[in-house]
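Protein chains in written order, with my numbering: chain A, 9 to 122; chain B, 75 to 188. Each residue gets a CB set at the ideal place from its N, CA and C atoms; glycine is no exception. For clarity, every value in this text was computed on a predicted model and none was experimentally measured.
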C-alpha cells in the first residue's frame, strides 16, 4: 500500500463511452500526476497538477480531460477514446516541485478501448 | 529532446548478480533513479543517485553513474526470484529534483531463474 489509490483497477470501454479514472492520495502531498504506460514504450507524463492547478499538459489529446478538485483527488475524464489509448494509466503524487521529493505511484488502471 | 534507453530483457540465475544498464541524454539532470514494477503493481522507487556522485550502495543494490558517458547501471547482488520485475531507469527533467516529473526508459524485464 503506497498511499495512492486508483479506481477502477480495470476498465473496458467502447469508443463512444464516457468514463472517469479516479486517484486519491492520503499522504498530504501537494502535487499529482497522470502517466500513461503503453506496451513496449516508456512511461509518458500526461498532466501535472501542483496546488490544484494544472502546471503541465504534455500535448495530450482533448479526449483526455483531467480534473483536480482538491489536493487529495485527481480525475481523468475520458470520452470518444481510440483503441490506441488502451494502456495502463498511473497516478502519482509528491510533496513539492523544486526540491527532491519522492513520488509515490498508484497501482494503475488498466484501460482497454474496444 | 531528452531520452532514456535501456535494454529490454535480462535473464539471470538465482544467486547471481544482475546488472541493468541505462543511457540518458539530459546532462543537467540533478537526480537519476531506478524504479521497480512488479506484475499488476505501480512503480516503486528503488534507489536514486545525485548527479555529483559516482556510486551509491544500498544493501544488495549498487548504482554506478558515469556522467561523462551518461551511463547509469543498477547491480543487484545475490539476485532472488522475488527480484523478478520490470526495472525502469529515469532522469529528472532539468534541474528539478521532483521525482514526479521524470523521463523514463522503456524498462528492463528481469527474469530470475531458480
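Minimum Cβ-Cβ distance from residue 125(A) to chain B less than 8 angstroms = Nothing in the structure corresponds to residue 125(A), since chain A is present only between 9 and 122.
Cβ shell of residue 21(A) (< 8 angstroms), same chain only, five flanking positions each side left out | If the five residues before and after residue 21(A) are omitted, its C-beta is found closer than 8 angstroms to the C-beta atoms of 27, 86, 89, 119, 120, 121, 122, all from its own chain and listed in chain order.
Closer than 7 angstroms by beta-carbon distance: list the chain A residues that pair up with residue 178(B), in chain order.
-> Contact annotation for residue 178(B) against chain A: 50, 51 [CB-CB distance below 7 angstroms, chain order].
Inter-stretch contact (C-beta, 8 angstroms, three-pair minimum) for the segment 92-101 of chain A and the segment 44-54 of chain A = Counting C-beta pairs closer than 8 angstroms gives three or more between the segment 92-101 of chain A and the segment 44-54 of chain A, which meets the contact rule.
Assign residue 50(A) to one of three DSSP states: helix, strand, or coil.
-> Residue 50(A): coil per DSSP, three-state reduction.
In the DSSP assignment, what are the bridge partners of residue 154(B)?
-> Note: residue 154(B) sits in no beta bridge, so no partner.
For chain A, is any of its Cβ atoms less than 8 angstroms away from the one on residue 156(B)?
-> Judged by the 8 angstroms Cβ criterion, residue 156(B) is not in contact with chain A.
Residue 84(B) CB to nearest chain A CB: under 8 angstroms?
-> For residue 84(B), the answer is no, since every Cβ of chain A falls outside 8 angstroms of its Cβ.
Is DSSP giving residue 171(B) helix, strand or coil here?
-> Per-residue confidence for residue 171(B) stands at a pLDDT of 49, beneath the threshold of 50, marking its modelled position as unreliable; no derived number is given.
Assign residue 75(A) to one of three DSSP states: helix, strand, or coil.
-> Strand.
Under 9 angstroms Cβ-Cβ, which residues of chain A neighbour residue 148(B)?
-> Those do not exist, as residue 148(B) stays about 17 angstroms from chain A at its closest Cβ, beyond 9 angstroms.
With distances taken from CA atoms, which of 186(B), 185(B), 162(B) is nearest residue 122(B)?
-> Considering only 186(B), 185(B), 162(B), the residue with the shortest C-alpha distance to residue 122(B) is 162(B).
Separation of residue 90(B) from residue 82(A), as counted between CA atoms | Across the structure, residue 82(A) and residue 90(B) are spaced so that their CA atoms are roughly 42 angstroms apart.
Along the chain, where does the beta strand (DSSP E) that runs through residue 121(B) open and close?
-> Note, residue 121(B): beta strand (DSSP E), 117-124.
Give a yes or no on whether 8 angstroms exceeds the smallest Cβ distance from residue 144(B) to chain A.
-> So, not an interface residue.
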